[in-house]
Amino acid sequence: MRYPSLVGAFFCLLIARSASAHTSVGGGGSPSDPDADCLRWEAVPLSAADAAVADGGVDASGDAGDAADAGASDAGTTTVTLKLRCVEHATMFGCACALGAGPAQPMSAAASALVVAVALLAAASRRRPKRRRRSVEVTP
Amino acid sequence: MTAAAFAAAGAADRVRNAVLRQVCALRALRPVLVDRGRRLAAMQAVAVLSAAFLALRAPLVSLWLGAAVFGVPHLLAGVRAVAVRRRSSRVALVCAVLGLGVGAAQIAGAGDSALRAFVLLFATALGWEALTAARRRPWAALALLAAIVPGVAAAWTAPRLAVVVLAHLHGLGALLYFGITARGRRLPVWPLFAGVAVVTVAAIGGLLDGLMASTLYAPRSASGSIVAEAITAGLPHPTAVVFHRALFVYAFGQSLHFAAWLRLLPDVERISPTPKTFRRALADFRADFCRFATPLLVLTVAAILLLLLGGGRARETYFALSYFHVGLEGAALAGLVFGGSTAVLVPGAKRATRPLPVSASPVRVDVEAAA
Numbered sequence: 051m052r053y054p055s056l057v058g059a060f061f062c063l064l065i066a067r068s069a070s071a072h073t074s075v076g077g078g079g080s081p082s083d084p085d086a087d088c089l090r091w092e093a094v095p096l097s098a099a100d101a102a103v104a105d106g107g108v109d110a111s112g113d114a115g116d117a118a119d120a121g122a123s124d125a126g127t128t129t130v131t132l133k134l135r136c137v138e139h140a141t142m143f144g145c146a147c148a149l150g151a152g153p154a155q156p157m158s159a160a161a162s163a164l165v166v167a168v169a170l171l172a173a174a175s176r177r178r179p180k181r182r183r184r185s186v187e188v189t190p
Numbered sequence: 002m003t004a005a006a007f008a009a010a011g012a013a014d015r016v017r018n019a020v021l022r023q024v025c026a027l028r029a030l031r032p033v034l035v036d037r038g039r040r041l042a043a044m045q046a047v048a049v050l051s052a053a054f055l056a057l058r059a060p061l062v063s064l065w066l067g068a069a070v071f072g073v074p075h076l077l078a079g080v081r082a083v084a085v086r087r088r089s090s091r092v093a094l095v096c097a098v099l100g101l102g103v104g105a106a107q108i109a110g111a112g113d114s115a116l117r118a119f120v121l122l123f124a125t126a127l128g129w130e131a132l133t134a135a136r137r138r139p140w141a142a143l144a145l146l147a148a149i150v151p152g153v154a155a156a157w158t159a160p161r162l163a164v165v166v167l168a169h170l171h172g173l174g175a176l177l178y179f180g181i182t183a184r185g186r187r188l189p190v191w192p193l194f195a196g197v198a199v200v201t202v203a204a205i206g207g208l209l210d211g212l213m214a215s216t217l218y219a220p221r222s223a224s225g226s227i228v229a230e231a232i233t234a235g236l237p238h239p240t241a242v243v244f245h246r247a248l249f250v251y252a253f254g255q256s257l258h259f260a261a262w263l264r265l266l267p268d269v270e271r272i273s274p275t276p277k278t279f280r281r282a283l284a285d286f287r288a289d290f291c292r293f294a295t296p297l298l299v300l301t302v303a304a305i306l307l308l309l310l311g312g313g314r315a316r317e318t319y320f321a322l323s324y325f326h327v328g329l330e331g332a333a334l335a336g337l338v339f340g341g342s343t344a345v346l347v348p349g350a351k352r353a354t355r356p357l358p359v360s361a362s363p364v365r366v367d368v369e370a371a372a
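Those sequence lines, one after another, are chains R and L. Here the first sequence is numbered in our numbering, starting from 51 and rising by one per residue. Here the second sequence is numbered in our numbering, starting from 2 and rising by one per residue.
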């Protein structure tokens with residue numbers, strides 16, 4: 051391949067173009083999510099009233115609105131409704147002025163400019179006469 | 002561009018010479034600087050202490066700065082050590098190239114499929130090392146293969162947990178790689194390994210709980226990415242104690258693995274017993290990477306700026322495109338463990354060159370260059 055660096059540049063540009071997916075294994079929320087900076091979640095049992103409200107939202111018959119029955123199953127065993135609640139947030143510092151905080155265009159533009167510059171440098175340096183590389187193994 | 006880089010390196014050399022001259026004036030500190038073994042031991046102690054301090058007081062900042070400032074340089078240092086100055090197997094190199102492609106697919110939203118592909122590539126690279134070493138070390142090769150098969154099966158069912166485990170193993174692998182190489186040259190490694198053992202056991206045992214920061218600061222621009230990384234350090238829905246200890250161990254290991262590739266290993270592998278000047282180091286970098294040297298330098302500087310200022314998007318791109326080196330370095334470590342040579346390829350060296358000194362000898366550092 052005669053221009054591998056340019057091919058690599060186009061490859062990287064495609065990546066920069068589509069670099070919007072969150073790739074970390076930990077997930078993460080959107081900037082508008084108030085719990086986006088949540089470090090630790092805990093499952094807490096819903097109170098009877100909360101559970102009733104939750105039941106009422108899914109039970110079309112309307113009977114689930116009775117708070118006294120909330121959480122009790124027909125068999126007499128108690129069903130505990132759990133809800134995830136953020137119990138530890140990270141404390142932010144600095145501004146949200148990062149290239150990545152806004153739309154994808156600024157980041158892609160910066161990445162594109164960088165990749166093109168690197169590709170041009172690599173292509174330009176290829177024209178220089180090659181010097182034979184001499185290597186020798188050095189052992190302790 | 003190259004001239005500017007050499008000019009900058011020359012200016013940095015002058016500053017370093019001035020600092021070294023002042024430090025060497027202190028009689029107590031002089032042996033630490035002029036003796037290779039003591040210098041390496043001191044650097045290991047500094048690395049352990051600084052990594053522990055940062056992981057205790059500001060683990061999220063440590064993760065942020067580590068990836069931003071040392072991320073791309075440590076990739077280059079790792080590739081240089083295992084694939085440029087040594088001969089990686091073709092299988093490991095092919096897996097690394099495919100890993101870059103998988104990283105691109107992950108950015109495009111491949112999700113857990115990409116993680117599974119990474120696991121397969123890592124296993125292939127490691128398995129090949131075991132197969133090629135089977136004749137020399139049959140039992141060790143068999144043990145590695147026996148560990149790989151259930152490991153891959155487990156990783157296939159829980160790819161996200163597998164990535165966390167791989168991140169820890171990757172950090173530990175960097176330390177082992179340094180340790181084997183340094184011991185091959187009879188240089189001390191005990192400060193690093195004793196420090197890691199003591200600090201890790203103390204953290205897991207709860208002795209450091211009182212020193213851990215209760216408020217964890219993170220830069221707003223990359224908070225989503227950093228928080229997501231921190232969450233993966235521990236178990237799902239951990240207690241406060243477990244989360245902080247796991248985060249400490251993770252941040253501590255990540256910092257140390259940067260130190261191993263960027264500071265400790267280069268000091269072991271240089272030919273001369275005296276430290277190199279920055280100009281010499283730059284010349285060696287050019288000799289190793291040839292026509293890619295200048296583009297890589299530009300890429301490194303730009304990547305650092307992007308990672309510092311570019312927020313979470315830049316971090317995620319970096320992580321996805323850097324997974325390839327985990328398998329490459331893992332295969333290199335397996336090669337060393339299976340009795341591979343610690344010899345390095347030194348560009349431009351004459352065959353009759355003096356071998357690498359295996360023991361420390363009191364030598365004068367290069368402060369006199371500016372005199």
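A virtual CB, placed ideally from N, CA and C, is assigned to each residue, including glycine. Just so we're clear, the structure is a prediction, and the values are computed from it rather than from any experiment.
Inter-residue Cα distance where the pair is residue i and residue j
i        : j        : result
L:Ala4   : L:Asn18  : 21 angstroms
L:Leu77  : L:Cys291 : 13 angstroms
L:Val153 : L:Asp210 : 34 angstroms
L:Gly331 : L:Arg86  : 16 angstroms
L:Leu116 : L:Ala168 : 13 angstroms
L:Phe375 : R:Thr131 : The structure shown has nothing for residue 375 of chain L, since chain L only spans 2 to 372.
L:Val95  : L:Ala282 : 29 angstroms
L:Pro274 : L:Val202 : 34 angstroms
L:Val269 : L:Val243 : 36 angstroms
L:Pro267 : L:Gly225 : 34 angstroms
L:Arg28  : L:Arg40  : 15 angstroms
R:Ala154 : L:Leu188 : At R:Ala154, the pLDDT of 46 sits below 50, so the modelled position is not reliable; the number obtained from the coordinates is stated separately. Computed Cα separation, rounded: 49 angstroms.
R:Gly79  : R:Cys136 : With a pLDDT of 47 at R:Gly79, under the threshold of 50, the modelled position of that residue is not reliable, and the figure given next carries that caveat. Distance between the alpha carbons of R:Gly79 and R:Cys136: 13 angstroms.
L:Gly185 : L:Leu337 : 10 angstroms
L:Ala126 : L:Val83  : 13 angstroms
L:Ala6   : L:Leu300 : 13 angstroms
L:Ala8   : L:Ala284 : 12 angstroms
L:Ala321 : L:Ala131 : 27 angstroms
Span of the beta strand (DSSP E), counted from its first residue to its last, around residue i
i        : result
L:Thr301 : Here L:Thr301 belongs to no beta strand (DSSP E); instead the alpha helix (DSSP H) covers Ala294 to Leu310.
L:Tyr218 : Tyr218 to Pro220
R:Cys136 : Leu132 to His139
Nonlocal neighbours in the same chain, by C-beta distance under 6 angstroms from residue i, ignoring five residues either side
i        : result
L:Ala261 : Ala175, Leu176 and Phe179
L:His326 : Leu76 and Gly79
L:Phe279 : Ala10, Ala13 and Asp14
L:Val165 : Thr233
L:Ala93  : Ala126, Leu329 and Ala332
Opening and closing residue of the alpha helix (DSSP H) in which residue i lies
i        : result
L:Leu101 : Arg91 to Ile108
R:Cys93  : Per the sequence shown, the amino acid found at residue 93 of chain R is Ala instead of Cys. First-last for R:Ala93: Cys88 to Pro95, but that is the beta strand (DSSP E), not the alpha helix (DSSP H).
L:Ile227 : Ser224 to Thr233
L:Ala289 : Before going on, a small fix: residue 289 of chain L reads as Asp here, not Ala. Element bounds for L:Asp289: Phe279 to Phe290.
L:Val49  : Arg37 to Arg58
L:Thr3   : Thr3 to Cys25
L:His238 : Where L:His238 is concerned, there is no enclosing alpha helix (DSSP H), given that its DSSP letter is neither H nor E.
L:Ile149 : Pro139 to Thr158
L:Leu76  : Gly72 to Val80
Same chain only: Cβ atoms within 8 angstroms of residue i, ignoring 5 sequence neighbours per side
i        : result
L:Asp113 : Pro160 and Arg161
L:Phe412 : In the structure displayed, chain L extends from 2 to 372; residue 412 of chain L sits before or after that span and is not available.
R:Ala71  : Residue placement at R:Ala71 cannot be trusted, given a pLDDT of 41 that sits under 50; the coordinates are not used to answer.
L:Ile205 : Arg246 and Val250
L:Tyr319 : Ala68, Gly72, Val73, Ala304 and Leu308
L:Val200 : Val49, Ala53, Leu209 and Phe253
Status (buried if at least 16 other CB within 10 Å, exposed otherwise) for residue i
i        : result
L:His238 : exposed
L:Ser63  : buried
L:Leu30  : exposed
L:Trp129 : buried
L:Trp65  : buried
L:Leu143 : exposed
L:Leu55  : buried
R:Ala120 : Because the pLDDT of R:Ala120 is 44, which lies under 50, any placement of that residue in the model is unreliable, and the question is left without a value.
L:Gly328 : buried
L:Gln45  : buried
L:Thr240 : exposed
Chain-order list of residues whose beta-carbon lies under 7 angstroms from that of residue i (same chain, five-residue window excluded)
i        : result
L:Leu307 : Ala315
L:Gly172 : Gly254, Gln255, Leu257 and His258
L:Leu217 : Pro60 and Leu61
L:Leu158 : Reading off the sequence shown, one finds Thr at residue 158 of chain L, where the question assumed Leu. Excluding residues within five positions, none has a Cβ falling inside 7 angstroms.
L:Ile227 : Leu61, Leu64, Trp65 and Ala219
L:Phe119 : Gly100, Val103 and Tyr324
L:Arg271 : Lys277
R:Leu89  : Glu138, His139 and Ala140
Next on the checklist: Just to confirm the assignment: which complete alpha helix (DSSP H) runs, minimum length 4, are found wholly within the region 186-221 of chain L?
Outcome noted: 191-205
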